[in-house]
Amino acid sequence: MLDRTLPRNHMKLETGDPEDETDDSGSVKVNAEIRVIDLQNHQVEKMEATWGYLTP
Numbered sequence: 112m113l114d115r116t117l118p119r120n121h122m123k124l125e126t127g128d129p130e131d132e133t134d135d136s137g138s139v140k141v142n143a144e145i146r147v148i149d150l151q152n153h154q155v156e157k158m159e160a161t162w163g164y165l166t167p
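Given below as structure tokens:
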């Protein structure tokens with residue numbers, strides 16, 4: 112687990128390319144990997160993010 116008390120300039124946030132899926136109702140689900148990197152200790156914490164929205 113990363114030390115979340117570190118100043119912002121000691122951490123870096125990267126995201127992978129999002130992948131999206133659309134179903135028949137027009138609902139879109141997006142998945143992406145997020146990497147939080149501790150620049151001092153070279154630790155990486157990976158998380159998956161999922162969000163959705165409706166198309167008009």
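Going letter by letter, the sequence shown gives residues 112 to 167 in the numbering used here.
Glycine residues also receive a C-beta, built at the ideal position from the N, C-alpha and C atoms.
Nothing here was measured: the structure is a model prediction, and the numbers come from that model.
Quick test of your reading: V141 and P129, contact by CB under 8 angstroms. State the CB separation rounded to the nearest angstrom.
Here residue 141 is taken as the residue at index 30 of the sequence shown, counted from 1. Here residue 129 is taken as the residue at index 18 of the sequence shown, counted from 1. Indeed, because the Cβ distance is near 5 angstroms, the residues count as touching under 8 angstroms.
N152 (DSSP reduced to helix, strand or coil):
Translated into the one-based positions of the sequence shown, residue 152 becomes position 41. Looking at N152 - three-state DSSP - the assignment turns out to be coil, as it is neither helix nor strand.
Leaving aside the five residues before and after I145 along the sequence, list all residues of the same chain whose C-beta is less than 8 angstroms from its C-beta, in chain order.
Within the sequence shown, numbered from 1, the residue matching residue 145 stands at position 34. If we look at I145 and ignore the five residues flanking it on each side, its Cβ neighbours are L124, E125, T126, G127, K157, M158, E159 and A160.
Endpoints, beta strand (DSSP E) assigned at D131
In the sequence shown, counting from the first residue as 1, residue 131 sits at position 20. D131 -> beta strand (DSSP E) spans E130 to T133.
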